[in-house]
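Everything on this sheet refers to the single structure shown next.
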Amino acid sequence: MQQLGVSVAIKLQCAASGKDACVQLTKTIFDLVILDIDLPDVTGFDIAHWYLKRSNAEHARAPARHHVRSPSTLVALTALELNDAVKVELNQLFSEVLPKPLSIMMLRAVLQRWLPRALMESNRQGEPSAPGTMPSEPPRVVRILQVEDCEIAGMAIEHLFKSVGCWVETVHDGESAMEKLTHSYRGSHTEYDLVLVDVNLPTVSGYALSSWYADMCRQQALRRAPVIAVTAEPDLAACRAFGVDRCLPKPVTIEAVNELMLQWRALHCKG
């Protein structure tokens, strides 16, 4: 990958058809999958629908969070003229849409944008271990519940967290979040590691949701997942009053996501 300006070895695997791509996706979790939309046998749309449905089913039936890996990041590639309806569907299925023909500069930007997890893991694997130390295990997937009523903002935030190896489930209102949180417990531990809450939700506000969640956990002696308020106007006093652990300012950036996840792993993944 030297001509792309990426100083890390990347293993490239090609599929000759849509069916071949499905077979490879069944066997391997790739860091990045670039799908041509206009394939002759199985379209990129169909592959993306199938893959995301399959990944969500695996997530739902996983016996423990340690057994779940983040799904591959999907990027669409197309030379077609797209109407608004097709663009909406693409944005729901794919992290990014690239036009054909694909230039070296565009490909380099895509790799840098969507492969931070792969690059970091490759760099770590190239470093020698200290004498007498055991090889470290790969970090487990962090499961996140996102509560965001704006579909576009929710997809953007979801893509950012997925790009650093998180698994994100999104609901669009406080009532749905209450149902998810209520049924997320196995014993005293929740399946979610973090809860991202938009402050300005309809019907049930983000602050009210956080307060309800804290009360439920306290009354039932349950372990509460940290709650992160996602807002354009952070109010630290209000966050503390309603049981919010931290504010994540909008617009959310990859730098802020990286900082948040580094801090979370430092606190919760020791030993």
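Count the sequence shown with our numbering and you get residues 11 to 281, in order. Note that CB positions come from ideal geometry on N, CA and C, so glycine has one too.
- Relative to Ala67, the option among Ala248, Ile264, Pro81 whose CA is nearest is Pro81.
- Here the alpha carbons of Val174 and Val120 stand approximately 14 Å from one another.
- Segment contact: the stretch 186-195 against the stretch 261-270, fewer than three CB-CB distances shorter than 8 Å; contact not assigned.
- As summarised for the stretch 156-183, the continuous beta strand (DSSP E) elements at least 3 residues long and confined to that stretch are 177-181, given in chain order.
- Assigned with DSSP and collapsed to three states, Leu112 falls in coil, not helix or strand.
- Note on geometry: alpha-carbon atoms of Ile20 and Lys37 lie some 18 Å from one another.
- With a contact defined as Cβ atoms closer than 8 Å, Val254 and Leu206 miss out at about 11 Å.
- CA-to-CA, the gap between Thr213 and Val240 works out to about 17 Å.
- Within a 10 Å sphere around the beta-carbon of His199 sit fewer than 16 other beta-carbons, which makes this residue exposed.
- Taking Val178 as the centre and dropping the five residues before and after it, the same chain places the C-beta of Ile154, Gln156, Glu168, Phe171, Lys172 closer than 7 Å to its C-beta, in chain order.
- Short of 6 Å from the beta carbon of Leu103, and not among the five residues preceding or following it, lie these beta carbons of its own chain, in chain order: Ala58.
- Burial is judged here by how many other beta carbons sit within 10 angstroms of a residue's own beta carbon; Asp51 has fewer than 16 and is exposed.
- Between the alpha carbons of Ala31 and Ile39 lies a gap of roughly 12 Å.
- A residue is called buried when at least 16 other Cβ atoms come within 10 angstroms of its Cβ; Gly197 does not meet this threshold and is exposed.
- Here the alpha carbon of Leu117 sits roughly 25 Å from the alpha carbon of Asp94.
- Residue environment analysis places Asp41 among the buried positions, since at least 16 neighbouring C-beta atoms fall within 10 angstroms of its C-beta.
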